[in-house]
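Data block below; observations after.
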Amino acid sequence: MAMTVETRWPALPYEAWKDTYATLHMWLQVVGKIALAQAPPLNHCWSVALRVTPRGLATRSLPHGARSFVIEFDFIDHQLAVRASDGETRTLALAPRSVADFYRELMAILGAMRLPVRIWPIAVEVAEPVRLDLDTQHHAYDPAYANRLWRILVQVDRVFTASQCAFVGKSSPVNFFWGSFDLAVTRFSGRRAPPREGPAFERDAYSHEVISHGFWPGSGALLEPAFYAYAVPEPPGLKEARVQPQAAYYHRQLGEFILPYEAVRQADAPDDMIHAFIDSTYRHAADLAGWDRSALDRQAVA
């Protein structure tokens, strides 16, 4: 089927799918915590982030003794698949069900596959942390909206990956972070950042100076999907920078530049609008922070 702008960049109104969003967030945290328990601790939590796939979201390959396994959310057939390196595969249905039920069935599958994993079952990076193994509050799943989210992530992953071609310094893969529920890509100056307070994962994530860009379905102070950009530490004057495109603005409560997703999906050239946002916010933040752009930016080859 030919892809149109509507199918590539579908609408994702927050209110229409917020219950599915909340449940999916908790399911993703269960799987993310399995990755956290099994993956080697690479810098900036990259090994435990999920990645966008042609069918959904998946862990990296997770070691378990001499074997390895992958867990993938499939938003086409709406199932969760566990695939082991010995060829065994098991699935569970993505359907309206509680987080506790999802947790129990997934742990039973891992046990039956001789891949037992123990996790700390408390949700993170949410206003009201719940015990995932006991959570019956979240139980919604609308497959159409889960599929819409994934289709957006496929496009954002593609554009973010292309955007990194202009940068030759240290940069992250395009990661889906299951705690904050966002797809992000990060550039590094190469210099250490000032020490910061907070949990260990935040101190690790921001151990060095960064400029990050991401996509997020919204919550809390911003109840709409949006692209964002921020710098850590934020250089003086960044709040006042006039960035592109015109629809972008600085959200003082979030401390980030915001580009509403709706402006992107309605644009004649959505890719170009996202690239303009990334390029503009990067240039302003890097220049104000004194990054050595002559060493970090890809130079044209004569």
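Under this note's numbering, think of the first position of the sequence shown as 2, with each following residue one higher. We treat Cβ as the ideally placed atom computed from N, Cα and C, and that holds for glycine. Remember, it's a predicted structure, so these values are computed and weren't measured experimentally.
Closest in alpha carbon position to leucine 154, among Leu51, Asp134, Gly191 and Lys34, is Leu51.
Residues of the same chain with a CB within less than 7 Å of the CB of alanine 268, apart from the 5 flanking positions on each side, are Met274 in chain order. For serine 213, DSSP records a beta bridge to Thr187 and Tyr231. The three-state reading of DSSP puts proline 200 in coil, since its state is none of H, G, I, E or B.
In this model, valine 157 and tryptophan 217 are separated by some 11 Å (Cα to Cα).
In this structure, His65 is the residue among His65, Glu16 and Asp288 with its C-alpha nearest to the C-alpha of proline 41. Of all C-beta pairs linking the stretch 197-214 to the stretch 236-243, fewer than three are shorter than 8 Å, placing the two stretches out of contact. The alpha-carbon of valine 32 is positioned some 20 Å away from that of proline 200.
DSSP places glutamate 106 inside the alpha helix (DSSP H), whose first and last residues are 100-113. By DSSP's assignment, leucine 58 forms a beta bridge with Val53 and Phe74.
Checking the DSSP bridge columns, you'll see serine 164 has no partner listed. Taking glutamine 165 as reference, the option from Asp136, Val186 and Gln30 with the minimal CA-CA separation is Val186. Scanning its chain for C-beta atoms nearer than 7 Å, with the 5 sequence neighbours on each side dropped, one finds around alanine 227 the residues Trp217, Gly219, Ile259, Leu260, Pro261 and Tyr262, in chain order. Counting other Cβ atoms within 10 Å of its Cβ, tyrosine 283 reaches 16 or more and is therefore classed as buried. Arginine 152 and histidine 276 have their alpha carbons spaced roughly 19 Å apart. Residue nearest to alanine 67 within the set Arg132, Ala85 and His285 is Ala85 (criterion: CA-CA distance). Secondary structure of tyrosine 251 (DSSP, three-state): strand. By DSSP's assignment, asparagine 176 forms a beta bridge with Ala185. Using a 10 angstroms sphere on the CB of tyrosine 250, the tally of other CB atoms stays under 16, which defines it as exposed. Taking a C-beta distance under 9 Å as the contact criterion, leucine 95 and alanine 38 do not qualify as a contact pair.
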